[in-house]
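Report on one structure; see the data block that follows.
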Amino acid sequence: MKRVVITGAGTVNALGHNVGQTLEAMREGRCGIGPLDLRDVERLAVQIGAQVQDFESEKLFNRQQIALFDRFTQFALVAAREAIGQSGLEFHGDLAAKSGVVFGNSGGGMQTLDENYRSVYEDGKNRVHPFVVPKLMNNAAASHVSMEFNLKGPSFTVASACASSNHAMAQAFQMVRSGMSPVMITGGAESMLCFGGVKAWEGLRVMSKDACRPFSANRNGMVQGEGAGAFVFEELDHAKARGADILAEVVGFAMSSDAADIVMPSKQGAARAISGALENAGLNREDVGYINAHGTGTAANDKTECSAVADVFGPHADALMMSSTKSMHGHLIGGTGAVELLACIMAVRDGVVAPTISYEEADPECAIDVVPNEARDATVEVALSNAFAFGGLNAVLALRRF
Amino acid sequence: MSIQDKVIEIIAEQAVLEPSDVTLSSTLEDLGIDSLGLVESIFAIEEAFDISVPFNANEPSASDFDISTVSSIISGIQTLVSEQA
């Protein structure tokens, strides 16, 4: 088996337009959640979200590209440009032929769907723009990344709702680890903050109308975000041979399915994914210093997740830190694990643990150190990133300091 | 149809029971209605009476809307309907 390292990272999300801004916001415990700015917002019961502000498409893409790229594709490209730029890689010949893109996404081009449904249903138009299909298909982001960077190896999109990015990154990890690809671009992107996207979530009655307060006793639901995260996963010897700067090592993963309920989380399913990741990485429980929680801020997730962590880690659960950065960047659905992996990199590389902000009241059912409200300096050898999706699909990744 | 009969009809449909099997003192748990079933019932009630029920699945006890029994649900709906009128 090959060792796999991360040699590039990129993002755009409500906290920033790149990794530097995002990590600075996480260190400062800044909140990216605010009033939603979108058409017909007054008809929504939930009017807050973590939107990407000041995203100037016209400066990043030409007119033809904008006509072809849904917002989630634009986010994916911006993140991939930063990640690949940082890695210093260029893809030609054999490297290009073997390297690909595995991206997570849940909703596809929701902005495109929303706009065009409006146009045909509400405005009664009988003609749509010719690029509606290539814009809304949920592999569009992965495809455009492959085209922009000449990545000719295996590329596809993984959809497992809120675990899409973690499943995608686990898949990319396996491809590099097995020797199939020397380099894979991976991560996830989502842009569901449109009228129809928020309205659909409203129906489930799990959204907060005021704030995302994971693990806090007075939490009252999740808050949606948008954006993308992208990473360069590279085989260690390949990275060393070219003197690449290594951000962290990916050491293991596990996936599990609850096989129980379409929306309610299962402690057993979550625990199997967490313990599976430790086993896959060859780690002891005591090695783990930080967990980036799934931490949605719903009543059900947070207590189930804490209980799963307590089961897996036993007494060590009292020694580790677990925060939910969704309190700051919102829940990016299919893109969330990718942005959250940045917090894991910051923990193992910079020794800074991102906080759970908006934390107000201790909940005995979430009796774990959630790093309330303020970032903390700590030496973290190993960090885990949890994702537990609707549909009962779980994926956990393990990163180690390099 | 009275508010009571209509609410019972909606709950019975969700529980896959005859309306006569749903009593005022039944709890949703007695009727086998889980969290998704509850959210679906509230949606059907909102549609039937054209009202908005203040219910967040994360804090079911936070609003005045009491879901502990069929009878408490009915009185909650009656209040909302009268407030709207």
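One line per chain: the protein sequences are Y and X, in this order.
Mapped onto our numbering, the consecutive letters of the first sequence carry residue numbers 86 to 487.
Mapped onto our numbering, the consecutive letters of the second sequence carry residue numbers 1101 to 1185.
All C-beta atoms, glycine included, are put in the ideal place defined by N, C-alpha and C.
Note that the structure is predicted; figures quoted are calculated from it, not measured.
Quiz prompt | 8 Å Cβ cutoff, residue 1168 (chain X) in contact with chain Y | solution = no
Exercise. Along the beta strand (DSSP E) that carries residue 316 (chain Y), what are the first and last residues, could you check?
Key: 312 to 320
Quiz item: For residue 1124 (chain X), which option in X:1160, X:1185, X:1169, X:1179 has the closest C-alpha, if you only look at C-alpha atoms?
Solution: X:1169
Exercise. Taking a Cβ distance cut-off of 7 Å, strictly less, list which residues of the stretch 297 to 311 of chain Y are near chain X, in chain order.
Key: 304, 305, 306
Quiz item: If the cut is a Cβ gap below 8 Å, which residues of chain Y does residue 1214 (chain X) touch?
Solution: Because chain X in this structure spans residues 1101 to 1185, residue 1214 (chain X) falls outside the shown range and cannot be described.
Quiz item: Going straight from the alpha carbon of residue 258 (chain Y) to that of residue 86 (chain Y), what length do you get?
Solution: 11 Å
Quiz item: Whose Cβ in chain Y lies nearer than 9 Å to the Cβ of residue 1159 (chain X)?
Solution: 303, 304, 305, 306, 384
Quiz item: Of the residues that make up the stretch 337 to 365 of chain Y, which ones have a beta carbon closer than 9 Å to any beta carbon in chain X?
Solution: From the stretch 337 to 365 of chain Y, only 346, 347, 348, 349 have a Cβ closer than 9 Å to chain X.
Quiz prompt | residue 377 (chain Y) versus residue 152 (chain Y): straight-line alpha-carbon distance, rounded | solution = 36 Å
Quiz prompt | chain Y contact residues for residue 1135 (chain X), given Cβ-Cβ distances below 7 Å | solution = Neighbours of residue 1135 (chain X) on chain Y, chain order: 349.
Quiz item: Would you say residue 1107 (chain X) faces chain Y, with C-beta separation under 8 Å as the test?
Solution: For residue 1107 (chain X), the answer is no, since every Cβ of chain Y falls outside 8 Å of its Cβ.
Quiz item: Is the CB of residue 1181 (chain X) under 8 Å away from at least one CB in chain Y?
Solution: It does not; no Cβ of chain Y falls within 8 Å.
Self-check item: residue 418 (chain Y) to residue 449 (chain Y) span [Cα, whole Å]
Solution: 27 Å
Quiz item: Can a CB atom of chain Y be found closer than 8 Å to the CB of residue 1139 (chain X)?
Solution: Chain Y contact via Cβ: present.
Quiz prompt | Beta-carbon gap between residue 1165 (chain X) and residue 1153 (chain X) smaller than 8 Å | solution = yes
Quiz item: Taking the continuous alpha helix (DSSP H) assigned at residue 94 (chain Y), which residues delimit it?
Solution: Here residue 94 (chain Y) belongs to no alpha helix (DSSP H); instead the beta strand (DSSP E) covers 89 to 98.
Self-check item: Member of Y:473, Y:407, Y:426, Y:443 whose CA lies at the smallest distance from the CA of residue 453 (chain Y)
Solution: Y:407
Quiz item: Going straight from the alpha carbon of residue 182 (chain Y) to that of residue 237 (chain Y), what length do you get?
Solution: 5 Å
Practice problem: Look at the alpha carbon of residue 296 (chain Y) and the alpha carbon of residue 305 (chain Y), and state the distance between them as a whole number of angstroms. | Solution: 8 Å
Quiz item: Would DSSP call residue 1179 (chain X) helix, strand or coil?
Solution: helix
Practice problem: Compute the distance between the beta-carbons of residue 481 (chain Y) and residue 358 (chain Y), then report whether it is under 8 Å. | Solution: yes
Quiz prompt | Other residues of its chain near residue 430 (chain Y): CB distance less than 6 Å, five sequence neighbours each side excluded | solution = Closer than 6 Å at Cβ, skipping near neighbours: 332, 333.
Quiz item: Can we say the stretch 464 to 483 of chain Y touches the stretch 1103 to 1120 of chain X, given the rule of at least three CB pairs closer than 8 Å?
Solution: no
Practice problem: Consult DSSP for residue 323 (chain Y) and reduce its assignment to one of helix, strand or coil. | Solution: In the structure shown, residue 323 (chain Y) sits in a helix (DSSP, three-state: H, G or I).
Exercise. With a 10 Å radius around its C-beta and 16 neighbouring C-beta atoms as the bar for buried, classify residue 416 (chain Y) as buried or exposed.
Key: Classification for residue 416 (chain Y): buried.
Quiz item: residue 1146 (chain X) to residue 1101 (chain X), Cα distance in whole Å?
Solution: 16 Å
Quiz item: Mind checking residue 282 (chain Y): buried by the 16 CB within 10 Å criterion, or exposed?
Solution: buried
Self-check item: alpha helix (DSSP H) runs wholly inside the stretch 1109 to 1156 of chain X, at least 4 long, in chain order
Solution: When DSSP assignments are scanned along the stretch 1109 to 1156 of chain X, the uninterrupted stretches of alpha helix (DSSP H) that are 4 or more residues long and fall wholly within it turn out to be 1135 to 1149.
Practice problem: Starting from the Cα of residue 202 (chain Y), find the closest Cα among Y:96, Y:279, Y:290 and give me that residue. | Solution: Y:279
Quiz prompt | Contiguous alpha helix (DSSP H) assignments of at least 4 residues, all confined to the stretch 207 to 294 of chain Y | solution = 217 to 221, 225 to 234, 249 to 262, 280 to 288
Self-check item: Collapsed DSSP secondary structure at residue 171 (chain Y) in the structure displayed
Solution: Annotated three-state conformation of residue 171 (chain Y) is helix, per DSSP.
Quiz prompt | Local conformation of residue 303 (chain Y) per DSSP, three classes | solution = coil
Exercise. Could you tell me which of Y:413, Y:375, Y:444, Y:403 sits nearest to residue 435 (chain Y), measuring between CA atoms?
Key: Ranking the options by Cα distance to residue 435 (chain Y), first place goes to Y:375.
Quiz item: residue 189 (chain Y) bridges to which residues according to DSSP?
Solution: Y:243, Y:273
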